[in-house]
Amino acid sequence: MLLQWVLEEYFGHVFLSRPFLVPRRDRQDPCLVVDLSALNSHIECHHFRMVTLKQVRETLLPHSWLTSLDLANAYWHVPIGPRFRSYLAVQNCSRVLCFTVLPFGLNIGSRVFTKIMKTLASMLADVNIRIMYLDDWLVQGSSREEAQAATTRTVSISEFLGFHFNFPKSRLEPTQDLQWLGMWWDTQISTIRLSEDNRRRVLQRVRRASWSTTFTHCMWTRLMGSLTFAA
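Converting from the sequence shown to the working numbering requires adding 144 to each position, the first position being numbered 1.
Pasting the structure below:
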């Protein structure tokens, strides 16, 4: 982790939080998450609007061509100023480590990241490139050639600015039927449907809610999130 410039050893007074590892469905290495609830209680979180799937649906043009770009460790593209790093500390045995980049779990993380993405999207719009951004990016073109050129230029501009993509998880070949963020987007017939994995996951949670006598509040929250996403 230290070699990835995510954490650095720190000597001095810090605000410690508890780290833990969360398994990922599509990767062997777990995701590092920090319980920042104590720190979050001291941070004022301003309201902001994220891009929603509904907005993406309304923005996509019929018969457009699409590609997707998977941003590797999205939040880690945002550096933390040295004077704030002591607030983002974890302990590993006797060593105290501080984040040098934005960790997952900070209540202002989504707002900060979205504002940065909004600036980049505006820059790309100035050269007639349309992207939609959530966890991953969706690039749109009115033809296969336009989508391919827009994707190439988006990657070039973004990498120049310091962004890094996970190309094996990206879809660089333009298509009119693309799986993105757990949904299938078909611009030929202007439809959106759940991916097979997401469909099975939602059905499993619905069945479990119907039959289980020990369904917890957390499980209900997860189920409602799945149903809202599916809608």
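All residues carry an ideal CB built from backbone N, CA and C; glycine is no exception. Keep in mind that this is a model prediction, so the values were computed, not measured.
Less than 9 angstroms separating the beta-carbons of residue i and residue j?
i: V234; j: F228; result: no
i: R297; j: I273; result: yes
i: L197; j: L278; result: yes
i: P226; j: T331; result: no
i: V245; j: V222; result: yes
i: V178; j: L232; result: yes
i: S238; j: G156; result: no
What residue from the options has the CA that sits closest to residue i's CA?
i: H190; options: R337, T295 and N251; result: N251
i: R162; options: A182, V150 and G156; result: A182
i: R349; options: S339, L246 and T365; result: T365
i: L333; options: Q320, D341, S339 and W324; result: The amino acid occupying residue 333 in the given sequence is Ile; Leu does not appear at that position. When each option's Cα is compared against that of I333, the closest is Q320.
i: T335; options: F155, W281, S208 and G156; result: S208
i: L165; options: N310, L204, G249 and F311; result: G249
i: S314; options: V150, L160, D280 and S339; result: D280
i: L316; options: L338, L151, L160 and A291; result: A291
Report the partner residues of residue i according to the DSSP bridge assignment.
i: S212; result: L282 and R315
i: Q332; result: BP columns for Q332 are empty, so no partner.
i: Q323; result: W328
i: R274; result: Q284
i: L338; result: M327
i: R227; result: None; R227 has no bridge partner.
i: V240; result: Q235
i: E152; result: C242
i: P163; result: V178
i: F309; result: L215
Taking just the CA atoms, how far does residue j sit from residue i?
i: T258; j: L213; result: 16 angstroms
i: W355; j: W328; result: 30 angstroms
i: L241; j: E153; result: 4 angstroms
i: V158; j: R193; result: 32 angstroms
i: A293; j: I275; result: 13 angstroms
i: P167; j: C175; result: 6 angstroms
i: Q199; j: P247; result: 27 angstroms
i: V283; j: I224; result: 29 angstroms
i: L147; j: T211; result: Annotation note: pLDDT 47 at L147 (below 50); position unreliable, no value reported.
i: R351; j: T358; result: 13 angstroms
i: I187; j: G285; result: 40 angstroms
i: G306; j: P312; result: 19 angstroms
i: F309; j: E340; result: 25 angstroms
i: L204; j: N236; result: 46 angstroms
i: L338; j: E202; result: 17 angstroms
i: L160; j: N184; result: 12 angstroms
i: S263; j: L180; result: The sequence given here has Thr at residue 263, not Ser. Going by the C-alpha atoms only, they are around 27 angstroms apart.
i: T360; j: T295; result: 44 angstroms
i: I260; j: G253; result: 11 angstroms
i: L151; j: A353; result: 40 angstroms
i: V256; j: P318; result: 30 angstroms
Flag residue i as yes when its Cβ comes closer than 8 angstroms to any non-hydrogen atom of the ligand GDP, and as no otherwise.
i: S212; result: In terms of ligand content, the structure shown is empty, and the ligand GDP therefore cannot be addressed.
* Would the segment 300 to 309 and the segment 262 to 272 be scored as touching if the rule is three or more Cβ pairs under 8 angstroms? -> Contact between the segment 300 to 309 and the segment 262 to 272 is present, because at least three Cβ pairs lie under 8 angstroms.
* To do: Would you be able to state if there are at least three C-beta pairs under 8 angstroms between the segment 343 to 351 and the segment 214 to 233?
  => Verdict: no, contact absent.
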